[in-house]
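Scroll down for the structure; my scribbles are underneath it.
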Amino acid sequence: MSSSFEKHQKRRLISSYFSVVLSIALVLFLLGLLGMLILNAKKVSDHFKEQVVVTIYLKDSAKEVETKQLEKSLAMADYVKSTEYVSKEQAAEFMKAENGEDFMDFVGYNPLQNSIDVHLKADFVTSEHLEKISAEATSKNFVEEVTYDNDLVNLMNDNVKKISFWVLIISGIFTLIAVLLINSSIRLAVYSKRFTIKTMQMVGATKRFIRRPFVWKSVRLGMIGAVLALIGMAIVLYYLNKTFIELELLSNPILVGLLFVFIFALGIIITWISTHFATQRFLNLKTDELYY
13 MSSSFEKHQK
23 RRLISSYFSV
33 VLSIALVLFL
43 LGLLGMLILN
53 AKKVSDHFKE
63 QVVVTIYLKD
73 SAKEVETKQL
83 EKSLAMADYV
93 KSTEYVSKEQ
103 AAEFMKAENG
113 EDFMDFVGYN
123 PLQNSIDVHL
133 KADFVTSEHL
143 EKISAEATSK
153 NFVEEVTYDN
163 DLVNLMNDNV
173 KKISFWVLII
183 SGIFTLIAVL
193 LINSSIRLAV
203 YSKRFTIKTM
213 QMVGATKRFI
223 RRPFVWKSVR
233 LGMIGAVLAL
243 IGMAIVLYYL
253 NKTFIELELL
263 SNPILVGLLF
273 VFIFALGIII
283 TWISTHFATQ
293 RFLNLKTDEL
303 YY
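Here the sequence shown is numbered in the working numbering, starting from 13 and rising by one per residue.
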């Protein structure tokens, strides 16, 4: 009978520890994913900004030396990421591939113009910089016009600001929820040992002596949960980096490493603090209050 009861208690204890580890792992995993989003938010927004193309159309009278000189000066500019010269013949081939038919059969000649496609660095993709770059290019007498999608640029910059603001708000809320969930799981685990705590206290054990094994047990569970969360984060990061190679998610391994260390440390800190206060609560209760 006693053996059966002990087995039942042991199973309950293992189940309690498992639920604590699972709760810690899931919460820290989601918190880690949010951290990865925050770390790479600027990189993702920069990637999309750098897809904006500024097209400089050249007059037919433009000399080759003038075109090459302009392209070289643009390539050397600190605000330019890359440039590409597109001849009218290449543009015609591109339109033919897009539309599936040769428009020159109807027109009889190639009405397109030679152009230079310019991709700017993300920090310079603003209306002010684009207007300045456009004015500088159109001041040259062999440039016909400069085009870019100004509405798209304004919309992109507005959305980046909004998303950044809400990501910070959600991060704060989620961190609070993470602390509360882990704290709740730890308190339930300590609650199942409340009579043991009170018994040790009644035989003269100090609060520090009673609290120590509970804290160390919870810290170990927190470390296990954190390791599981980090394994999950590593798997997700690996597949995201393979799927979206252009984002270069692993280009800064130091930041990624700091995030992993932070998540691991967070698992330890939250479990330590939660257990400290949970045991303190039961240490301060009177014996008859343990039944409520």
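Glycine included, each C-beta is placed from N, C-alpha and C at the ideal position.
DSSP three-state assignment for residue i, whether helix, strand or coil
| i | result |
| --- | --- |
| Val137 | coil |
| Tyr69 | strand |
| Lys152 | coil |
| Ser31 | helix |
| Thr159 | strand |
| Tyr251 | helix |
| Ser263 | coil |
| Leu270 | helix |
| Glu78 | helix |
| Asp90 | coil |
| Leu132 | strand |
| Val98 | strand |
Spatial distance of residue i from residue j (CA atoms)
| i | j | result |
| --- | --- | --- |
| Leu51 | Ala89 | 28 Å |
| Ala104 | Phe276 | 56 Å |
| Ser176 | Met214 | 54 Å |
| Thr291 | Val231 | 14 Å |
| Tyr69 | Val137 | 19 Å |
| Ser139 | Trp178 | 24 Å |
| Val165 | Ala149 | 19 Å |
| Val64 | Val273 | 36 Å |
| Val33 | Lys55 | 33 Å |
| Tyr251 | Phe106 | 33 Å |
| Thr211 | Leu200 | 18 Å |
| Met157 | Lys100 | Correcting the residue type first, residue 157 is Glu in the shown sequence and not Met. Distance between the alpha carbons of Glu157 and Lys100: 15 Å. |
| Asn153 | Phe60 | 32 Å |
| Leu249 | Leu270 | 14 Å |
| Ala246 | Ala147 | 47 Å |
| Leu40 | Leu82 | 52 Å |
| Ile181 | Lys71 | 51 Å |
Neighbourhood of residue i by C-beta, 8 Å cutoff - its chain only, sequence neighbours within 5 removed
| i | result |
| --- | --- |
| Phe186 | Leu42, Leu43, Leu46 |
| Ala53 | Ile175, Ser176, Val179 |
| Arg220 | none |
| Leu49 | Val179 |
Buried or exposed (CB count within 10 angstroms, at least 16 for buried), residue i
| i | result |
| --- | --- |
| Lys254 | exposed |
| Phe256 | exposed |
| Lys84 | exposed |
| Ser35 | buried |
| Leu188 | exposed |
| Gly234 | buried |
| Ile243 | exposed |
| Leu167 | exposed |
Contact set for residue i: own chain, Cβ-Cβ below 6 Å, skip 5 residues either direction
| i | result |
| --- | --- |
| Ala37 | Gly237, Leu240, Ala241 |
| Thr67 | Ser127, Asp129, Thr159 |
| Glu62 | Lys93, His131, Ala134 |
| Asp58 | Ala134 |
| Val96 | Note on residue identity: the sequence assigns Glu, not Val, to residue 96. Around Glu96: Asp129. |
| Thr218 | none |
Proximal residues to residue i (C-beta, below 7 Å), its chain only, five neighbours per side dropped
| i | result |
| --- | --- |
| Thr287 | Ile198, Val202, Phe226, Val227, Ser230 |
| Leu193 | Ser35, Val39 |
| Val191 | Ile282 |
* Tell me, please, whether the stretch 222 to 237 touches the stretch 194 to 208 by the rule of three or more beta-carbon pairs shorter than 8 Å. => yes
* To do: Determine, using beta-carbon pairs with one atom in the stretch 76 to 92 and one in the stretch 279 to 287, whether at least three such pairs fall under 8 Å.
  => no
* Could you tell me whether the stretch 262 to 276 touches the stretch 165 to 172, using the rule of 3 or more Cβ pairs below 8 Å? => no
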